[in-house]
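Down below is the structure, laid out as structure tokens.
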Amino acid sequence: MAFPHQSWASAVVRLSRCSRMALMRCFGSRSISLDAVVDPHVHYWGPETHAWLKEVVPGGAAHDTPYGRFAPIAAPYTPAAHAQHLRDFAPLAKSVYIQANMHATTGSPVAETAYMQGLADATGFPHGIIAWAPLDKPEEVPAVLDAHMKFKNFRGVRFMLDHHPTRPELNQSDHGKYMSDKKFRKGVAELEQRGLIFDLQICQVQLPEAADFVGAFPRLQFVLNHAGFPLKGEFEAWREGMAKLAANANVACKIGGLGAYDGGFDTAAAREYVLACIELFGMERCMFSSNLPVDLVDWPHGSPAARWRSYRDICEEAGVGAAAMAKLFHDNAVRIYKL
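At position 29 of the sequence shown (counting the first as 1) the number is 22 in our numbering, and the numbers step up by one without a gap.
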């Protein structure tokens, strides 16, 4: 199911709070309940395994950098804590761990996957593992991927590409030329050959380039992180880039972490972004996600459960029914990540 046409979706975005409340009084205010949810974007970590967390606390080498905001969450984050954070919204059925630079301190890309598989074997979570591989060194990639694939929950790779030409605080990559680099593309081709996933993390300004990049690998499943990191006050530029990316059928979109660099979008600010994602990618290629535990410092508007509840309310007000809601919060993540 997708939005029938743009004008309808735009009309929903413009629906006033007064009108929505009137509709709820007429038709009842009971919200759609979900039996369970899947979170396809979580970081289970701790300073003993992800040693860079020791550097973000006061006195640490990274405390005075943009990573210093992580100081309040530089502590173990476990599946139990994750389930607790979402419990007031819905039970957590499954999760996907997204790499968090454990390789930077262990020196081994596969150590992160091995650790997470051990955690999964012990606790049942995570059900999918997105790890890291040196895609910029294609001569090393085959051996690294083959080693990752020995672990049953491994699903693919994230190599962070986010780079902004004028806002260095947004950069998680050392430069912005990877997507056009022949060596990097050769490394990415190894993912495609193995039927793996590429978790695509980029800045909003990189969306048009990413559309060309993903088109070069039509058999590779890409999953866009954080809806392309939209920036406050730049909706039209973001939407234009997202439309180009969404034209590629091999890209899915995780809706979460909205406004991460602008104080976190509250429900009112997030509404047009959520609806645009669903309109552009369709109901089959979108999934809601957290960015826990990062959400605890990047979204000051309430609890993680409240944030997920706001996504549900936005969709419900737009006329999304129970079956489609289940796709957005559960089924699509299970299908795309093969959980």
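We put the CB at the ideal spot given by N, CA and C, even for glycine.
Since the structure is predicted, the reported quantities are computational estimates derived from the model, not experimental observations.
Leaving out the 5 sequence neighbours to the left and right, which residues in its chain are closer than 8 Å to residue i when beta-carbon positions are compared?
{"i": "K176", "result": "D129, K130, P131"}
{"i": "P293", "result": "G256, G257"}
{"i": "P51", "result": "A64"}
{"i": "H372", "result": "As displayed, the chain neither begins before -6 nor continues past 332, which places residue 372 out of reach and without an answer."}
{"i": "T260", "result": "H294, S303, D306, I307"}
{"i": "S166", "result": "M153, L154, D155, H156"}
Just grab the DSSP bridge partners of residue i for me.
{"i": "L85", "result": "V30"}
{"i": "F147", "result": "I122"}
{"i": "L274", "result": "Correcting the residue identity first, residue 274 is Phe in this sequence and not Leu. Bridge partners of F274: none, in fact."}
{"i": "K247", "result": "M280"}
{"i": "F215", "result": "F191, V244"}
{"i": "I91", "result": "I123"}
{"i": "W38", "result": "Y70"}
{"i": "L285", "result": "V35"}
Can you list, in chain order, the residues of its chain with a C-beta nearer than 7 Å to that of residue i? Leave out the 5 residues immediately preceding and following it.
{"i": "E133", "result": "P127"}
{"i": "E309", "result": "S24, I25"}
{"i": "P286", "result": "H36, I66, Y70"}
{"i": "P84", "result": "A29"}
My understanding is that residue i touches residue j, with C-beta atoms under 8 Å, so please give their C-beta distance in whole angstroms.
{"i": "Y171", "j": "F222", "result": "That pair is no contact at about 16 Å."}
{"i": "I190", "j": "Y330", "result": "7 Å"}
{"i": "G234", "j": "L200", "result": "3 Å"}
{"i": "N241", "j": "Q214", "result": "Not confirmed; about 11 Å, so no contact."}
{"i": "L138", "j": "R187", "result": "6 Å"}
{"i": "E185", "j": "F210", "result": "5 Å"}
{"i": "D192", "j": "G149", "result": "6 Å"}
{"i": "H141", "j": "V181", "result": "No, H141 and V181 are not in contact; Cβ-Cβ is about 15 Å, not under 8 Å."}
{"i": "R62", "j": "V290", "result": "5 Å"}
Hey, residue i and residue j: beta-carbon distance below 8 Å or not?
{"i": "F274", "j": "W301", "result": "no"}
{"i": "T106", "j": "F144", "result": "yes"}
{"i": "W45", "j": "Y70", "result": "no"}
{"i": "Y90", "j": "P59", "result": "no"}
{"i": "D32", "j": "S303", "result": "no"}
{"i": "N146", "j": "Q110", "result": "yes"}
{"i": "K247", "j": "A220", "result": "yes"}
{"i": "R232", "j": "A263", "result": "no"}
{"i": "N218", "j": "H96", "result": "no"}
Kindly list the residues whose CB is nearer than 6 Å to the CB of residue i, restricted to its own chain and excluding five residues on each side of it in sequence; keep chain order.
{"i": "D324", "result": "none"}
{"i": "D288", "result": "P297"}
{"i": "L332", "result": "K87, H120, G121"}
{"i": "A315", "result": "I25"}
{"i": "R212", "result": "E185"}
{"i": "A236", "result": "L273"}
{"i": "T99", "result": "none"}
Would you tell me roughly how many angstroms separate the C-alpha atoms of residue i and residue j, rounded to the nearest one?
{"i": "I271", "j": "M318", "result": "11 Å"}
{"i": "Q77", "j": "D174", "result": "42 Å"}
{"i": "A67", "j": "Q92", "result": "16 Å"}
{"i": "A203", "j": "H75", "result": "31 Å"}
{"i": "D114", "j": "S88", "result": "13 Å"}
{"i": "I122", "j": "L321", "result": "20 Å"}
{"i": "G117", "j": "V30", "result": "15 Å"}
{"i": "K225", "j": "G208", "result": "28 Å"}
{"i": "H156", "j": "G169", "result": "5 Å"}
{"i": "L79", "j": "D28", "result": "12 Å"}
{"i": "N94", "j": "P158", "result": "23 Å"}
{"i": "E162", "j": "E183", "result": "31 Å"}
{"i": "V327", "j": "H43", "result": "27 Å"}
{"i": "W125", "j": "F82", "result": "31 Å"}
{"i": "L112", "j": "A54", "result": "29 Å"}
{"i": "R160", "j": "Q197", "result": "12 Å"}
{"i": "M276", "j": "A245", "result": "10 Å"}
{"i": "Y266", "j": "F228", "result": "8 Å"}
{"i": "P342", "j": "A299", "result": "Only positions -6 to 332 of the chain appear in this structure, which leaves residue 342 out of reach."}
{"i": "L238", "j": "C279", "result": "13 Å"}
{"i": "P135", "j": "A311", "result": "45 Å"}
{"i": "S101", "j": "Y108", "result": "11 Å"}
{"i": "A73", "j": "V216", "result": "26 Å"}
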